[in-house]
Amino acid sequence: MLIGRAIAATLGCALCIAPAQARIVGIDIATVEPFADGAEFGAAGAYERLIGTAKGELDPADPSNVGIVDIALAPRNAKGLVEYKTDIFILRPKDPALGSGTLLFEVLNRGRKFLFNWVLDAPAQAVQAVNDPRTAADTGTGLVLRRGDTIVWSGWEAHALRQQGGMAIDVPVATRNGKPIVETVRDELVSATRGPAEAPFYLTFKTASADKAHAQLTVRRRESDPPRPVPAEAWHYATPRQLELLPKGTKPLPGSIYQFTYAATEPKVLGIGFAATRDVVAYLRGDADGGANPAAGVIRHAVALGVSQSGRYLRDFIHQGFNRDEAGRRVFDGVLSHIAGVGGIFLNARFGQPSRTNTQHEDHLYPENAFPFSAAQQHDPVTGRTGALPRGDGFDPLLIEVNTGTEYWQKGASLLTTDPLGRTDLPLPDTARAFLVSSGFHYGRAGLTSTKGACANMRSTLNPAPAVRALLVALEDWVASGKAPPDSRIPRLSDGTLVEAAAIGFPFLVGVPVPTAPNAIARFDTYVDPRPESGPQYRPLVPRVDADGNDVAGIRLPAVAAPRATFTGWNLYADPFPAGALCDREGSQLPFARTRAERVTAGDPRPSTEERYADPDAYVAAVVKSVDTLVSDRLLLREDGDRLIDAARLEARH
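Going from the sequence shown to our numbering is simple: count from 1 and add 81.
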């Protein structure tokens, strides 16, 4: 293997690196600059920003790569290898000796960084600031910087947008005998929930032909409705990647599902996105290489974090064998998957669509959920298969999976810890943990305000991030020192906290609709013309709630343990959207009445805040009790507990 050397660079010039491993053949760091104007982050001191690209080569015949769909159809260089180039962004301690020795790799979500605003409570801000952090305020609590972690992002999704600081990967297009591949694909276009409220609709792929005879457009109001053909004269191609309804200016009914089946061309070899993450991290974990390694050769451990789409990416990364690099070393020692449910990602496939995410109404019949769901080894009576998410090959990472109520309603999260038919609880292996953030919802993060939007109920503002931060610290400690994290906290069949939707026990509240069923785990032969299979079906279950409507089991943050409202992981669409269907991945927030008189007038069975807390001090005392318990259980950091207590004192005055 070639041993690279750094080419000297002055400030503002590119640092070109040829690494010690054949997989990454060049890293071009175009920017090295002080982060946050040299501000110090605790004992870790000041940080630097490094921005550039990494170039990689893959041997299609290597056993580590043969599972990449269509890699054999990708063009090759003179060495017979397949090339790719990916964006890279690093925040590292300026003095490597002050670092923790832990590389924290956040998998990007559709090209975006979620670490700071979804996990570290960075204030609501422009997309550019989230994707291009420059100030101490951009890091929120700054937790992982104060811990001295080297933080890394690299592109993996070829279709991600590079606008406003987004990151992507350049991968080759597969061809057959030197000619473009053309196949039929299906795009689902949902107005105002997963797409623009007005035309044009943007297609995932370039159309192979403008001839409408090779395409069909249908529409249906609800996911379960039979599709109705849209006449060819009622639509046209605005561009090879855009579909427009006619007559011009026609607006689709909000929430209606337009399904477009067409001949697409030029499929990219998307599975390279798995190999690129593997190889970038493997290189950064390597030796200093004469000073060339941007991670400075001090990395002893690597931990991965994925939120939503990127959490599903990590589940597939593990199961498809990419946590072993070409040299036979483990890539990530630990993985934290947040709000991924039991899903994988539609990536390693010809004409894959990794931005799809399955819910009850939208993207319902796209590949995402397939056995094995759990870290526990089990037999699947639905498919007859046996297996577990980890491979059991000696390269599996320690695994923590965190979900909210939304993932139980929309993403089958109960199947992480039950058998596929939802009949018995499954004990997880010692190397895995599962957690429910009680009454949390998928989009939860700091700084949200409650509105209705497309939903029937006011949307939730509950922030699960304090629990996620504690579990991220627990994972890093587990990896670095072997200190086991807290035991799993989830609803279970054995104690009656995991139930059918009809048995959740939600209180009757006037004007508040309640869902009757979670999103089903559909099985079908092909997404192009999906026809759900008959026979035994998976049985996702949901958390039982208390008399207030808040989840009984899981990590009950102070907003739930000392409540002033009911929070749910579900909401429902309201007119003019498809009323009654689960409202994407939203939650509900239903405040308590202030006084007993208000409660009685409203017919609300939940005690009012006045009845619960005799005075503001009683409310603060309840929050303090909740915080102290969670801190003692290592499910909340002391610093976060103090912030929550301060917020409660402020809230009690109003």
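All residues carry an ideal CB built from backbone N, CA and C; glycine is no exception.
When DSSP states are grouped into helix, strand and coil, THR487 belongs to the helix group.
GLY378 has its alpha-carbon roughly 16 Å from the corresponding atom of ARG410. Residue environment for LYS706: exposed (fewer than 16 other C-beta atoms within 10 angstroms of its C-beta). For ASP306, there is no enclosing alpha helix (DSSP H), as DSSP marks it with neither H nor E. Judged by DSSP secondary structure, SER391 falls within the alpha helix (DSSP H) whose first and last residues are 390 to 400.
Exclusion of the five residues before and after ALA683 leaves VAL591, ALA674 as the residues of its chain whose Cβ lies within less than 7 Å of its Cβ. The DSSP-derived three-state label of GLN441 is coil. Look at the beta carbons and you see the stretch 209 to 224 not touching the stretch 156 to 166: under three pairs across the two are nearer than 8 Å. By the beta-carbon neighbour count (other beta carbons within 10 angstroms, threshold 16), GLU614 is exposed. Take the alpha-carbon of GLN244 and the one of GLY221: they are about 23 Å apart.
Judged by DSSP secondary structure, VAL681 falls within the alpha helix (DSSP H) whose first and last residues are 677 to 683. Residue burial annotation: ASN258 is exposed, with fewer than 16 other C-beta atoms found within 10 angstroms of its C-beta. Between GLU488 and ASP632, the alpha-carbon positions lie close to 13 Å from each other. TYR343 counts as buried, since at least 16 other C-beta atoms from the protein chains shown sit within 10 angstroms of its C-beta. Separation of GLY119 and ARG215 (C-alpha to C-alpha, rounded to the nearest whole angstrom) is 10 Å. Taking THR512 as the centre and dropping the five residues before and after it, the same chain places the C-beta of LEU479 closer than 6 Å to its C-beta, in chain order. Annotation: VAL609 to ASP444 spans about 12 Å, alpha carbon to alpha carbon. Separation of LYS287 and ALA601 (C-alpha to C-alpha, rounded to the nearest whole angstrom) is 31 Å. CA-to-CA, the gap between THR346 and ILE399 works out to about 30 Å. For ASN190, the three-state secondary structure derived from DSSP is strand.
Annotated as proximal: TYR128 and LEU226, with beta-carbon spacing under 9 Å. With respect to VAL150, ASN429 sits close: the two C-beta atoms are nearer than 9 Å. Under the Cβ criterion (8 Å, minimum of three pairs), the stretch 634 to 648 does not count as touching the stretch 418 to 433. Take the alpha-carbon of GLY424 and the one of ASP397: they are about 8 Å apart. According to the DSSP assignment, LYS706 belongs to the alpha helix (DSSP H) that extends over 697 to 713. TRP316 is positioned such that its CB atom lies no closer than 9 Å to that of LEU334. Taking the Cβ atoms as the reference, LEU507 lies roughly 6 Å from ASP500, within the contact range of under 8 Å. Around the beta carbon of ASP406, a 10 Å sphere encloses 16 or more other beta carbons of the protein chains shown; the residue is thus reported as buried. Selection ALA551, PRO572, GLY528 evaluated against SER520 yields PRO572 as nearest (Cα-Cα).
If you check the CB distance, LEU284 and LEU224 do not come in under 9 Å. Secondary structure at SER575: coil, using DSSP grouped into helix, strand and coil. Distance from the Cα of GLU138 is smallest, within the candidate group ARG625, ARG359, ASP268, TRP199, for ARG359. GLN491 and GLY236 have their C-alpha atoms roughly 27 Å apart. In this structure, the straight-line span from the alpha carbon of ARG724 to that of LYS329 is close to 53 Å. Restricting attention to alpha helix (DSSP H) runs no shorter than 4 residues, the stretch 204 to 266 encloses them at 208 to 212, 224 to 227, ordered along the chain. For SER562, the enclosing alpha helix (DSSP H) covers residues 546 to 562.
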